[in-house]
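Q:
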Amino acid sequence: MARTRAFRQLIRLFLQAQQANLQAQGQPPTTVSVAHPWRRRKFLKLAVIAGGSAITTQLVAHPPLALGSNAPKIAIIGAGIAGLNAAYQLKKMGIGSTVYEARSRLGGRMQSVTGAIGPELVSDLGGSLINTDHEDMLNLVREFGLTLFDRTQDPTMNDLPPTGYYFNNARRYEAEVAEKLRPLAQQISRDARLLDQDFDTYAPQFDRLSVKAYLDLHQNKISDPFIRELIENTIRTEYGVEPSQSSALQLLFVLPVVKGNRVELLSTSDEAFVVQEGSGAIIDRLSQALTGQIRTQMSLTKLQSQGNRYRLTFKNGQVIDTDYVIFTIPFTVARSIDIQVDLPASFRKMIRELNLGQNDKILAGFSQKLWRQPFGFGSELWTDLGFSEVWDDTQRQPRNDGALSFFFGGNEVKAIQSGSAQTQGRRMVSLLSQVIPNIMAVATDRFIRTHWTIDPFTKGGYTTFQPGQLTEFSEFIYIEADTADERQEVRFGNLLFAGEHLSDGFYGFMNGAAETGRLAALSILRQLGKVP
Numbered sequence: 017m018a019r020t021r022a023f024r025q026l027i028r029l030f031l032q033a034q035q036a037n038l039q040a041q042g043q044p045p046t047t048v049s050v051a052h053p054w055r056r057r058k059f060l061k062l063a064v065i066a067g068g069s070a071i072t073t074q075l076v077a078h079p080p081l082a083l084g085s086n087a088p089k090i091a092i093i094g095a096g097i098a099g100l101n102a103a104y105q106l107k108k109m110g111i112g113s114t115v116y117e118a119r120s121r122l123g124g125r126m127q128s129v130t131g132a133i134g135p136e137l138v139s140d141l142g143g144s145l146i147n148t149d150h151e152d153m154l155n156l157v158r159e160f161g162l163t164l165f166d167r168t169q170d171p172t173m174n175d176l177p178p179t180g181y182y183f184n185n186a187r188r189y190e191a192e193v194a195e196k197l198r199p200l201a202q203q204i205s206r207d208a209r210l211l212d213q214d215f216d217t218y219a220p221q222f223d224r225l226s227v228k229a230y231l232d233l234h235q236n237k238i239s240d241p242f243i244r245e246l247i248e249n250t251i252r253t254e255y256g257v258e259p260s261q262s263s264a265l266q267l268l269f270v271l272p273v274v275k276g277n278r279v280e281l282l283s284t285s286d287e288a289f290v291v292q293e294g295s296g297a298i299i300d301r302l303s304q305a306l307t308g309q310i311r312t313q314m315s316l317t318k319l320q321s322q323g324n325r326y327r328l329t330f331k332n333g334q335v336i337d338t339d340y341v342i343f344t345i346p347f348t349v350a351r352s353i354d355i356q357v358d359l360p361a362s363f364r365k366m367i368r369e370l371n372l373g374q375n376d377k378i379l380a381g382f383s384q385k386l387w388r389q390p391f392g393f394g395s396e397l398w399t400d401l402g403f404s405e406v407w408d409d410t411q412r413q414p415r416n417d418g419a420l421s422f423f424f425g426g427n428e429v430k431a432i433q434s435g436s437a438q439t440q441g442r443r444m445v446s447l448l449s450q451v452i453p454n455i456m457a458v459a460t461d462r463f464i465r466t467h468w469t470i471d472p473f474t475k476g477g478y479t480t481f482q483p484g485q486l487t488e489f490s491e492f493i494y495i496e497a498d499t500a501d502e503r504q505e506v507r508f509g510n511l512l513f514a515g516e517h518l519s520d521g522f523y524g525f526m527n528g529a530a531e532t533g534r535l536a537a538l539s540i541l542r543q544l545g546k547v548p
C-alpha cells in the first residue's frame with residue numbers, strides 16, 4: 017500500500033535483495049507476480065480474528081426508508097474526495113444529496129495551488145500520486161477530461177538516477193543498498209511464509225510488534241546502521257509516526273516475499289501518475305458537477321438518531337433532519353462531535369484511537385532544476401539530514417524553473433513547526449547543499465509550509481495503524497466484492513462511514529477516499545433498488 021515515493025523505492029530495493037537471495041541459493045531465474053487476491057483475504061481473515069465473522073450483522077442491518085419516500089434526504093458530512101464522490105455517484109443515478117463542509121474551501125486533504133512557488137507552477141499541497149490500480153481516481157480523471165502525467169515515461173529522466181541516497185555524510189548507491197538488505201529480506205520472507213501457513217496465529221503476534229521491536233529482534237540481520245535508518249525513515253514518511261508506533265504488519269504486508277522461485281509483490285503501488293493540472297482540479301470538477309448541493313462553513317457538532325432518521329446540529333445553530341448520513345471526516349475530528357447513535361463499542365473505540373500520521377511538507381522554489389544532474393537525482397532523494405525525503409514536485413512541468421517538496425514524518429514534523437516558512441525553508445535548502453552543491457544559489461526564496469498536523473479540520477496526514485490496531489479494527493473496513501458474502505461495508509442502520517481510513521487496500525491514498533465514498537453511495541443505491 018505504499019503511498020510515498022520513499023516506500024515504493026524501498027519495495028524495489030527489497031525486491032532486488034530477494035532476487036539476489038534466490039540466485040545465491042541456485043534457484044532458477046525468478047519471476048515477479050502481484051498477489052491481488054491476497055489483499056482481500058488478508059482483511060477477511062483479520063475481520064474474523066477481530067469480530068468473529070467477516071461481516072457483522074450490525075454492518076448489514078438496513079432499516080426501511082422512512083415514510084416510504086421515493087426521494088430520500090441524504091446528508092454527506094465532509095467535502096473531501098470521499099464525500100464529493102459519494103454525492104457525485106448518487107447524482108449519476110438520479111439521487112440527490114447535500115454535502116456539508118466545515119471549511120470555506122472544498123477538498124479536505126486534497127489541495128493544489130498555482131503560482132505560489134513560481135509563475136504558473138502547479139504544486140500539490142496535499143494528495144498527489146495515483147497508481148495504475150487506482151480505478152476510482154483514474155475514472156474521475158477520465159470523466160472530467162483532465163490530463164495524467166506518466167512519471168514512468170518521462171524522457172527527461174533517461175540519463176538521470178531516479179533516486180539518490182545520502183546517509184552518514186556519504187552518497188550511497190542502489191546496488192549497495194540492495195545487497196545490504198539481503199539478510200533482512202530473507203527474514204521477512206520467512207515471516208511472510210508463517211503468515212501464509214497460519215494467519216490466525218501469526219497475524220496478531222506480528223501486529224502486536226512495532227516496526228522498531230521487529231528491527232530490534234533482527235538487528236543481527238542489519239549489517240550497516242544506515243540500512244536501519246533508511247527503513248525507519250520510510251516508516252516516518254509512509255505512516256507519519258516513529259517506528260515504535262507503527263505495526264510490524266504494515267511492513268510485512270507491503271514488502272516482497274519469496275515463494276518458491278517467485279518473488280511476490282503484495283503491494284501494486286507504482287505511483288505512476290500525477291494530474292497535470294494538479295489533484296485539486298478533480299475537486300474543482302466535482303464541485304462544478306454538484307452545483308447547488310454543497311454548503312460550506314457548516315461545522316457539525318451533534319449527530320442524533322431520531323427513529324429511522326437522523327438529526328444534524330451545526331455550530332451555526334442550524335438543525336437538519338435527514339434519512340441517510342454518509343460521514344466522511346477523519347476520526348481525529350469526529351472525536352469532537354457528539355454522536356448520539358447506537359454504535360458498537362469497538363467502533364467507538366476505533367473513532368477514539370485510530371489516528372492520522374504526522375506528515376507535512378515544505379515546498380521550495382528554484383530558478384533552475386540543479387538537482388537534475390548525474391550526481392543528483394531525477395525524482396527523489398533519501399537522506400538523514402533532518403528530512404527523510406525530498407522530491408521534484410514539478411516533474412510534470414518541463415521548464416527550467418521548478419520546486420522541491422521536502423517531506424517530513426513523525427517527530428521530524430515538530431522540528432519544522434517553529435519559526436516562519438522562510439526560516440525553515442532556507443534551513444532545508446542549506447542542508448540539501450551538502451548533497452547538491454550550489455543549490456542555494458538558484459533558490460528563489462519562495463516557500464510554502466503545510467500545516468496538516470495542526471489543521472483543526474484534519475489533525476494529521478493520513479491513516480496509520482499502531483501495534484495491535486490492524487487486527488482489532490479490521491471488521492470496520494470496506495471490502496469490495498462481487499458477492500454479498502465477501503462484501504463488507506461500514507454501515508450502522510442508515511448511517512454510513514467513508515474515507516481513506518476505511519479502505520482495505522488503499523488507506524492513506526486519495527483512491528481509498530474516492531473508493532469508499534463510491535461504495536457508501538452504492539450501499540444506499542442497493543437499498544433503494546437502483547443497482548443490484
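For what it's worth, this note's numbering labels the leading residue of the sequence shown as 17, then goes sequentially. Even glycine gets a Cβ: it sits at the ideal position worked out from N, Cα and C. Here the structure is a predicted model, which means the values were calculated and not measured.
If distances are taken between C-alpha atoms only, which option among 508, 388, 429 and 487 comes closest to residue 470?
A: Here the closest residue by C-alpha is 429.
Q: Could you compute how far the alpha carbon of residue 209 sits from the alpha carbon of residue 380?
A: In a straight line, the C-alpha of residue 209 is about 44 angstroms away from that of residue 380.
Q: Answer yes if the segment 468-485 comes into contact with the segment 521-541, meaning at least three C-beta pairs across the two stretches below 8 angstroms, and no otherwise.
A: Contact holds: three or more Cβ-Cβ distances are below 8 angstroms.
Q: If I measure Cβ to Cβ from residue 178 and keep anything under 6 angstroms in the same chain, skipping five residues before and after, which residues do I get?
A: Same-chain partners within the cutoff: 394 and 395.
Q: Write down the C-beta distance between residue 181 and residue 407 rounded to the nearest angstrom, noting that I regard them as a contact closer than 8 angstroms.
A: Residue 181 to residue 407, Cβ: 13 angstroms. No contact.
Q: With C-beta atoms as the reference, is residue 115 less than 8 angstroms away from residue 98?
A: no
Q: Exposed or buried, residue 422, counting other C-beta atoms within 10 Å across all chains shown (16 or more means buried)?
A: buried
Q: Pair every Cβ in the segment 164-179 with every Cβ in the segment 327-341, then say whether three or more of these pairs are closer than 8 angstroms.
A: no
Q: With C-beta atoms as the reference, is residue 449 less than 8 angstroms away from residue 424?
A: no
Q: In terms of alpha-carbon separation, which member of 466, 400, 370 and 541 lies closest to residue 186?
A: The candidate whose alpha carbon is nearest that of residue 186 is 400.
Q: Between the alpha carbons of residue 269 and residue 497, how many angstroms are there, rounded?
A: Between the alpha carbons of residue 269 and residue 497 lies a gap of roughly 20 angstroms.
Q: Run the CB neighbour count on residue 527, radius 10 Å, all protein chains shown included, and call it buried at 16 or more, exposed below.
A: It is buried - the Cβ of residue 527 has at least 16 other Cβ atoms within 10 Å.
Q: Could you have a look at residue 378 and say whether DSSP puts it in helix, strand or coil?
A: strand
Q: Do residue 299 and residue 141 come within 8 angstroms of each other at the CB atom, strictly closer than that value?
A: When the beta-carbon positions are compared, residue 141 and residue 299 stay at least 8 angstroms from each other.
Q: Under three-state DSSP, which class holds residue 408?
A: strand
Q: Considering residue 186, what are the terminal residues of the alpha helix (DSSP H) in which it resides?
A: No alpha helix (DSSP H) contains residue 186, which is instead part of the beta strand (DSSP E) from 186-188.
Q: For a test of the three-state rule: what should DSSP assign to residue 481, helix, strand or coil?
A: coil
Q: If I follow the unbroken beta strand (DSSP E) through residue 425, where does it start and stop?
A: 418-425
Q: Compare the Cα-Cα distances from residue 147 to each of 248, 139, 137 and 287 and report the closest residue.
A: 287
Q: Rounding to the nearest angstrom, what Cα-Cα distance links residue 201 and residue 224 in this structure?
A: Distance between residue 201 and residue 224, taken at the CA atoms: about 20 angstroms.
Q: Who are the Cβ neighbours of residue 89 in its own chain at under 6 angstroms, not counting the five residues just before and after it?
A: 338 and 339
Q: Residue 193 by DSSP, collapsed to three states: which one?
A: helix
Q: Can you tell me which of 418, 158, 436 and 345 puts its alpha carbon nearest to the alpha carbon of residue 291?
A: 158
Q: Could you spell out the range, first to last residue, of the beta strand (DSSP E) harbouring residue 230?
A: DSSP places residue 230 in no beta strand (DSSP E) but in the uninterrupted alpha helix (DSSP H) bounded by 227-233.
Q: Between residue 473 and residue 131, what straight-line distance do the alpha-carbon atoms span, to the nearest angstrom?
A: 25 angstroms
Q: Bridge partners of residue 505, per DSSP?
A: Looking at the DSSP assignment, residue 505 forms no beta bridge with any residue, so it has no partner.
Q: Could you spell out the range, first to last residue, of the beta strand (DSSP E) harbouring residue 356?
A: Segment 354-356, the beta strand (DSSP E) holding residue 356.
Q: Please determine, among 108, 306 and 376, the residue with the shortest C-alpha to C-alpha distance to residue 466.
A: 376
Q: Buried or exposed: which applies to residue 189, given that a residue is buried once 16 or more other Cβ atoms fall within 10 Å of its Cβ?
A: exposed
Q: Is it a yes or a no for the segment 496-515 touching the segment 339-357, going by three-plus beta-carbon pairs under 8 angstroms?
A: yes
Q: Does DSSP put residue 272 in a helix, a strand or coil?
A: Low confidence applies to residue 272: its pLDDT is 48, below 50, so where it sits in the model is not reliable, and the reading given next is rough at best. The answer is coil: DSSP assigns residue 272 none of H, G, I, E or B.
Q: Quick one: what does DSSP say residue 523 is sitting in, helix, strand or coil?
A: coil
Q: What are the boundary residues of the alpha helix (DSSP H) that residue 157 is part of?
A: First-last of the alpha helix (DSSP H) with residue 157: 151-159.
Q: Near residue 359, which residues of its chain fall below 7 angstroms by C-beta distance, leaving aside the five closest residues on each side in sequence?
A: 508
Q: I need the straight-line Cα distance from residue 350 to residue 368, nearest angstrom please.
A: Between residue 350 and residue 368, the C-alpha separation is close to 8 angstroms.
Q: Whole angstroms is fine: what's the gap from residue 352's alpha carbon to residue 489's?
A: 20 angstroms
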